[in-house]
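Student: Residue numbers (the numbering used here): 148 to 484.
Positions of the beta carbon are idealized from the N, C-alpha and C atoms, including for glycine.
Every value quoted in this text rests on a predicted model; they were computed, and no experiment measured them.
First, the structure itself, so that you have it in front of you.
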């Protein structure tokens, strides 16, 4: 009896794709970063941010391509090798969101400015891609308009009917906004999303919410992100830029929607939520009182100005994400077993 007779064949395939995505991303980092430097695709640091970030001026950006390319290649490979029907729409959203981010980064670099696409242009692009994804789900898959809330034994089914598409569009835009705001410290967004993707890899394998497409894509994406983190941990040799942060937000949202459990984003991606809420609260409170609740928003800057080092902020946010994902997985497991 061989080891492959003992180990689940599906798990072996997932492990192979995970390792392959990691290796390709690690190799691409060696190739892409020098090219970005040569082209002078350096980050323009906001002068209204923490002063400690000014030394990062000129660090290559648009590094999201380092994990986007492996994610796209191996998702297509998994579609043919493993016959995974739903992996392509997830990859489609991820790559298209990444492309919109790429345009945003490109404009920033060309103009040597902190501003890229106008907010309405970015939202329009993300909205169109999200709408295409929704229409595909509705007309070309067996996924219905229901979403499920199953936490710690609580099982609630909500039939959205005509509200499915508007609700899903909101999920994509909100999640992407959260991931984009989380990308502000070396290794933060990449590490947080790596943990979230590992959560989806396990959650997608639960019997009653079985979705091998989600599990496989999540592992491929996690492997690619891990390869990218080799170059993105403090001190970062490359930043993911909007190319990466928008893509990761799209990936997280797409996985949750395919599983028909979008509400798990609120707990598993709690850092996304906290970062987005901190900005909303800060802006709203300042408009009314001309005072600030946080030292600076998004939330990670608040802790930096409070004396925390970047590494401490990243470690703490990773730990919170790990705990949140573990609790979310356990709650799902209790609900479906």
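How far does the alpha helix (DSSP H) with residue 436 in it reach, from first residue to last?
Tutor: Its alpha helix (DSSP H) spans residues 417-436.
Student: Whether or not the segment 264-272 and the segment 248-255 are in contact is what I'm after, with contact meaning three or more pairs of Cβ atoms, one per stretch, closer than 8 Å; do they touch?
Tutor: Short answer: they touch.
Student: Alpha carbon to alpha carbon, what distance is there between residue 208 and residue 181?
Tutor: Going from the Cα of residue 181 to the Cα of residue 208 covers about 11 Å.
Student: Return the Cβ separation of residue 329 and residue 422 in integer angstroms, given the expectation that the two are a contact with Cβ distance under 8 Å.
Tutor: About 5 Å; that satisfies the 8 Å criterion.
Student: Span of the alpha helix (DSSP H) holding residue 293?
Tutor: From DSSP, residue 293 is part of no alpha helix (DSSP H) but of the beta strand (DSSP E) over 293-298.
Student: What three-state label does DSSP hand residue 229 in the structure shown?
Tutor: Three-state DSSP puts residue 229 in coil, outside helix and strand.
Student: Mind checking which residues open and close the beta strand (DSSP E) that includes residue 307?
Tutor: Unbroken run through residue 307: none, as it is neither H nor E.
Student: Who are the Cβ neighbours of residue 338 in its own chain at under 6 Å, not counting the five residues just before and after it?
Tutor: The residues are 465.
Student: Is it buried or exposed for residue 344, if we count other Cβ within 10 angstroms and need 16 for buried?
Tutor: Buried: at least 16 other Cβ atoms inside 10 Å.
Student: Between 410, 365, 333 and 479, which has its C-alpha nearest residue 376's C-alpha?
Tutor: Taking only the C-alpha atoms, the option nearest residue 376 is 333.
Student: Return the first residue and the last residue of the alpha helix (DSSP H) that residue 441 is part of.
Tutor: No alpha helix (DSSP H) holds residue 441; DSSP gives it neither H nor E.
Student: Three-state secondary structure (DSSP) at residue 153?
Tutor: The predicted position of residue 153 is uncertain, since its pLDDT is 42 and thus under 50; a value taken from the coordinates is nonetheless stated next. In the structure shown, residue 153 sits in a helix (DSSP, three-state: H, G or I).
Student: From 241, 384, 459 and 374, pick the residue whose C-alpha is nearest to that of residue 279; which is it?
Tutor: Selected option, being the one with the closest Cα: 241.
Student: For the segment 390-410 against the segment 243-250, do three or more pairs of beta-carbon atoms, one drawn from each stretch, fall closer than 8 Å, so that the two count as touching?
Tutor: Contact holds: three or more Cβ-Cβ distances are below 8 Å.
Student: Do residue 164 and residue 367 have their C-beta atoms within less than 8 Å of each other?
Tutor: Yes, Cβ-Cβ distance for residue 164 and residue 367 is below 8 Å.
Student: With a floor of 4 residues, list each alpha helix (DSSP H) that falls wholly inside the segment 381-413, ordered by position along the chain.
Tutor: DSSP runs (the alpha helix (DSSP H)) wholly in the segment 381-413: 388-405.
Student: With a threshold of 16 other CB atoms inside 10 Å of the CB of residue 335, please say whether the residue is buried or exposed.
Tutor: Burial call: buried.
Student: Can you give me the C-alpha to C-alpha distance between residue 351 and residue 320, rounded to a whole angstrom?
Tutor: Cα to Cα, residue 351 sits roughly 22 Å from residue 320.
Student: Taking 8 Å as the cut-off, does the segment 368-387 touch the segment 167-179 (at least 3 CB pairs, one atom from each stretch)?
Tutor: The segment 167-179, when compared against the segment 368-387, does touch it at the 8 Å Cβ threshold.
Student: Excluding the 5 residues preceding and the 5 following residue 307 in the sequence, name in chain order all residues of the same chain whose CB lies nearer than 6 Å to its CB.
Tutor: Correct list, in chain order: 292 and 314.
Student: Can you tell me whether residue 302 is helix, strand or coil according to DSSP?
Tutor: Strand, per DSSP.
Student: Once DSSP output is grouped into helix, strand and coil, what is the label at residue 210?
Tutor: Of the three classes helix, strand and coil, the one that applies to residue 210 here is coil, per DSSP.
Student: Would you mind working out which of 277, 289, 479 and 183 sits nearest residue 414, comparing C-alpha positions?
Tutor: It is 479 whose Cα lies nearest to the Cα of residue 414.
Student: Less than 8 Å between the CB atoms is what I'm expecting for residue 347 and residue 402, so what's the real figure, rounded?
Tutor: 5 Å between Cβ atoms; contact.
Student: When the Cα atoms are used, what is the spatial distance from residue 148 to residue 476?
Tutor: Any reading at residue 148 needs caution, since the residue's pLDDT is 40, under 50, leaving its predicted position unreliable; the model's value is listed next. Between residue 148 and residue 476, the C-alpha separation is close to 33 Å.
Student: Can you tell which of 303, 468, 323 and 284 has its C-alpha closest to the C-alpha of residue 482?
Tutor: It is 303.
Student: Let me know the secondary structure DSSP gives residue 338 once reduced to three states.
Tutor: Residue 338 falls in the helix class under three-state DSSP.
Student: What is the DSSP secondary structure of residue 165, counted as helix, strand or coil?
Tutor: Three-state result, residue 165: helix.
Student: Once the 5 residues before and after residue 370 are set aside, which same chain residues still bring their CB inside 6 Å of it?
Tutor: Here the set comprises 165, 168 and 169.
Student: Does DSSP put residue 189 in a helix, a strand or coil?
Tutor: Residue 189 falls in the strand class under three-state DSSP.
Student: Can you tell me whether residue 358 is helix, strand or coil according to DSSP?
Tutor: Coil at residue 358, not helix or strand.
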